[in-house]
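The structure appears below as structure tokens.
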Amino acid sequence: MSSNSIATIGGIGLAATGVAHFIVPSAFHGITAPAFPDDVETAIKINGSAETLIGVAIAVPRTRKAGLVGLGLYVSYLATNVVKNQLGS
Numbered sequence: 000m001s002s003n004s005i006a007t008i009g010g011i012g013l014a015a016t017g018v019a020h021f022i023v024p025s026a027f028h029g030i031t032a033p034a035f036p037d038d039v040e041t042a043i044k045i046n047g048s049a050e051t052l053i054g055v056a057i058a059v060p061r062t063r064k065a066g067l068v069g070l071g072l073y074v075s076y077l078a079t080n081v082v083k084n085q086l087g088s
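According to this note's numbering, numbering within the sequence shown proceeds without interruption in unit steps and concludes at 88.
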């Protein structure tokens, strides 16, 4: 399988996970609460939107580089919030 195919499949998977945030938000409560304890429901919607958009960007070869940059920023944002909220507890 080519790296292009792997990136496309990964992007589609991430986008599908993003959409799932809206279909079954309760499935994401446990993983979202440590990073965003003040408003978990809103954070689930924001994260779902981000994952959908980033996933689509990664799936499309023309926007893949921007999607990968977005993914790196998104992961950093999530990690920062987890650390901040765990240390603040």
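Note that beta-carbon positions come from the ideal geometry of N, C-alpha and C, so glycine has one too. Only a predicted model underlies this, so the values are computations on that prediction, with no experimental measurement involved.
Rounded to whole angstroms, what is the Cα-Cα separation between residue i and residue j?
i, j, result
"glycine 69", "phenylalanine 27", "20 Å"
"alanine 79", "proline 33", "Reading off the sequence, residue 79 comes out as threonine, not alanine. Between threonine 79 and proline 33, the C-alpha separation is close to 11 Å."
"valine 55", "glycine 66", "8 Å"
"serine 48", "valine 18", "7 Å"
"phenylalanine 35", "valine 81", "8 Å"
"isoleucine 30", "methionine 0", "31 Å"
"proline 24", "alanine 42", "10 Å"
"serine 75", "threonine 7", "22 Å"
When DSSP labels each residue in this structure, what does residue i get in the three-state scheme?
i, result
"alanine 34", "coil"
"serine 25", "helix"
"serine 75", "helix"
"valine 59", "coil"
"serine 1", "coil"
With a CB to CB cut of under 6 Å and the five nearest residues on each side skipped, what residues in its chain are close to residue i?
i, result
"isoleucine 11", "Ala58"
"threonine 94", "It is not possible to answer for residue 94, since the shown part of the chain is limited to 0 through 88."
Would you please verify whether the beta carbon of residue i is less than 7 Å from any beta carbon of chain B?
i, result
"alanine 34", "Absent here is chain B; the protein component of the structure consists of one chain."
Within a Cβ cutoff of 8 Å, which residues of the same chain sit near residue i, ignoring the five residues on either side of it in sequence?
i, result
"leucine 86", "none"
Which same chain residues, not among the five before or five after residue i, have their C-beta less than 7 Å away from its C-beta?
i, result
"lysine 83", "none"
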